[in-house]
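Peer 1: For what it's worth, this note's numbering labels the leading residue of the sequence shown as 13, then goes sequentially.
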Amino acid sequence: SAFNVPAMNAFISALGDQKRMSSAFGAVYSAFPLGLVLSPGVGSLLLTWLSIRDLFWFTLALWTVSTIILFPLKRQPPREVDSKAPLLELPRSSRELTILAFLFGGAAAFSITSPSFLPLFLEDQLHLTDAHIQLLGTVQSLGSAIFAILLGRWAATRNPGSTIAKELMLVAGGALGIALAGSPLLVVPMVFLLGGARAPSYVAYSLLSNMREGKSRAGQFGFYLTFEQLGLVVGSFIGGFLYASDHTSVLITTSVLFVLLAALAGFRIRRGAATSEVHSK
13 SAFNVPAMNA FISALGDQKR MSSAFGAVYS AFPLGLVLSP GVGSLLLTWL
63 SIRDLFWFTL ALWTVSTIIL FPLKRQPPRE VDSKAPLLEL PRSSRELTIL
113 AFLFGGAAAF SITSPSFLPL FLEDQLHLTD AHIQLLGTVQ SLGSAIFAIL
163 LGRWAATRNP GSTIAKELML VAGGALGIAL AGSPLLVVPM VFLLGGARAP
213 SYVAYSLLSN MREGKSRAGQ FGFYLTFEQL GLVVGSFIGG FLYASDHTSV
263 LITTSVLFVL LAALAGFRIR RGAATSEVHS K
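Quick look at the structure:
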């Protein structure tokens with residue numbers, strides 16, 4: 013299903029307000045975690061009326077409808093720069109390389125803990141039941157949706173680098189708080205903060221959409237999305253080794269990495285810097 017993500021980013025960058033692009037990305041992508049908040053409750057309710065097999069058919073119908081409603085959207089025809097673009101369009105400026113490293117590192121830091129090892133930690137260390145863990149998953153998804161919207165709005169009117177840095181410090185505090193909290197009640201707000209871990213990537217893609225003129229859509233999004241997905245794979249691989257040695261180490265490592273990413277964002281990510289560099293050349 014991730015085949016459509018570069019196309020979705022291209023639609024947002026073409027149709028959104030160029031001055032508030034981060035807000036547009038945040039608003040659109042907040043729908044995904046919001047769906048994760050609602051879907052467990054809706055699924056449980058439907059199971060009282062439908063069999064599991066019928067529920068799969070219902071899911072397929074929703075998937076089909078969600079695809080069909082995209083067809084009336086304004087057509088975005090291929091551009092000449094896209095057809096002439098090289099197969100592999102590498103980042104050119106230091107700002108683009110910074111965002112590439114940021115996306116990879118953010119995905120890796122997130123996947124060291126979530127989604128695989130946080131539920132295991134809650135079960136092994138806090139002895140929570142499956143129902144409680146699912147409820148905390150809903151809290152995390154709610155945090156992801158809220159932070160995606162708020163961070164997008166804040167980054168549209170403030171320095172995006174410092175805004176991302178402040179938000180990532182909250183995320184790092186959430187990860188560390190989960191490791192230190194001894195009570196399920198104290199874990200709830202920490203899990204909510206950890207839910208904001210993916211929000212900065214939406215701001216990063218909004219910056220890429222305006223970063224360099226003459227760049228193909230594949231160069232704007234496809235290359236970076238690929239490295240971001242690689243970060244998820246690498247993070248999950250590292251998380252498995254860490255969790256096997258010490259359960260708490262996954263959260264501590266995640267917290268440290270997010271602090272480092274906050275420093276990277278605060279000092280290196282700026283709006284429109286790469287575009288001005290190209291124009292000056």
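Ideal placement from N, C-alpha and C gives every residue a C-beta, glycine not left out.
1) Can you give me the C-alpha to C-alpha distance between Thr79 and Leu48, rounded to a whole angstrom?
2) What's the call for Gln152, buried or exposed, on a 16-neighbour Cβ count within 10 Å?
3) Taking the alpha-carbon positions, what's the Gly173 to Met223 distance?
4) Give the secondary structure of Arg165 by DSSP, where H, G and I count as helix, E and B as strand, and everything else as coil.
5) Mapping the DSSP letters down to three states, classify Thr287 as helix, strand or coil.
6) Under the three-state reduction of DSSP, which class applies to Met21: helix, strand or coil?
7) Looking only at its own chain, which residues have a Cβ that is under 6 angstroms from the Cβ of Val262, when we skip the five neighbours before and after it?
8) What is the C-beta distance between Ile161 and Ala39, in whole angstroms, given that I count them as a contact (C-beta under 8 angstroms)?
9) Does the region 198-210 touch the region 135-148, meaning 3 or more C-beta pairs lie closer than 8 angstroms?
10) So, with DSSP's three-state summary, where would you put Pro127?
11) Less than 8 angstroms between the C-beta atoms of Ala187 and Ile176, yes or no?
12) Applying the 10 Å Cβ sphere with the 16-neighbour rule, what's the burial state of Gly118?
13) Which of the three DSSP states, helix, strand or coil, is assigned to Trp69?
14) I need the DSSP call for Ala256, collapsed to helix, strand or coil.
15) In three-state terms, what does DSSP make of Pro103?
16) Leaving out five residues before and five after Ser34 in sequence, what residues of the same chain have Cβ atoms less than 6 angstroms from its Cβ?
17) Alpha carbon to alpha carbon, how far is Leu154 from Phe114? Give it in angstroms, no decimals.
18) Quick one: grab the DSSP three-state call for Trp75.
19) Taking only the alpha-carbon atoms, compute the straight-line gap between Gly243 and Ser51 and give it to the nearest angstrom.
20) Should Ala211 and Phe159 be called a contact, given that it needs their Cβ atoms to be closer than 8 angstroms?
Peer 2: On the basis of the data shown:
1) To locate residue 79, count along the sequence shown from 1; it is residue 67. To locate residue 48, count along the sequence shown from 1; it is residue 36. Distance between the alpha carbons of Thr79 and Leu48 is about 18 angstroms.
2) Counting from one through the sequence shown, the residue named residue 152 turns up at place 140. It counts as buried.
3) Indexing the sequence shown from 1 puts residue 173 at position 161. Indexing the sequence shown from 1 puts residue 223 at position 211. Spanning the two alpha carbons is a distance of roughly 14 angstroms.
4) Counted from its first residue, the sequence shown places residue 165 at position 153. Helix, per DSSP.
5) For this step, residue 287 is matched to residue 275 along the sequence shown. Below a pLDDT of 50, predicted positions are generally treated as unreliable, and Thr287, at 40, falls in that range; no measurement from the model is reported.
6) As a position in the sequence shown, residue 21 is number 9, starting the count at 1. Per the sequence shown, the amino acid found at residue 21 is Asn instead of Met. In the structure shown, Asn21 sits in a helix (DSSP, three-state: H, G or I).
7) Here residue 262 refers to the residue found at position 250 of the sequence shown. The answer, listed in chain order, is Ile124, Thr125, Phe129, Gly251, Leu254 and Tyr255.
8) For the purposes of this step, residue 161 is identified with residue 149 of the sequence shown, where counting begins at 1. For the purposes of this step, residue 39 is identified with residue 27 of the sequence shown, where counting begins at 1. Right, their Cβ atoms sit about 6 angstroms apart.
9) yes
10) Within the sequence shown, residue 127 is the residue found at index 115, counting from 1. Coil at Pro127, not helix or strand.
11) Counted from its first residue, the sequence shown places residue 187 at position 175. Counted from its first residue, the sequence shown places residue 176 at position 164. For Ala187 and Ile176, no; Cβs fall outside 8 angstroms.
12) Against the sequence shown, residue 118 aligns to sequence position 106. Buried, since its Cβ has 16 or more Cβ neighbours within 10 Å.
13) Within the sequence shown, numbered from 1, the residue matching residue 69 stands at position 57. Here Trp69 sits in helix by DSSP.
14) As a position in the sequence shown, residue 256 is number 244, starting the count at 1. Reduced to three states, the DSSP call for Ala256 is helix.
15) Within the sequence shown, the letter at position 91 stands for residue 103. In the structure shown, Pro103 sits in coil (DSSP, three-state: anything other than H, G, I, E or B).
16) The residue given as residue 34 occupies position 22 in the sequence shown. Excluding residues within five positions, the ones whose Cβ falls inside 6 angstroms are Gly164, Ala167, Ala168, Val215 and Ser218.
17) As a working note, residue 114 is residue 102 in the sequence shown. As a working note, residue 154 is residue 142 in the sequence shown. Straight-line Cα distance between these residues: approximately 23 angstroms.
18) As a first step, residue 75 is located in the sequence shown; it is residue number 63 there, counting from the start. In the structure shown, Trp75 sits in a helix (DSSP, three-state: H, G or I).
19) One-based indexing of the sequence shown puts residue 243 at position 231. One-based indexing of the sequence shown puts residue 51 at position 39. Their backbone Cα atoms lie some 27 angstroms apart in a straight line.
20) Residue mapping note: residue 211 aligns to position 199 of the sequence shown, counting from 1. Residue mapping note: residue 159 aligns to position 147 of the sequence shown, counting from 1. Against a cut-off of 8 angstroms, the Cβ pair of Phe159 and Ala211 comes out as a contact.
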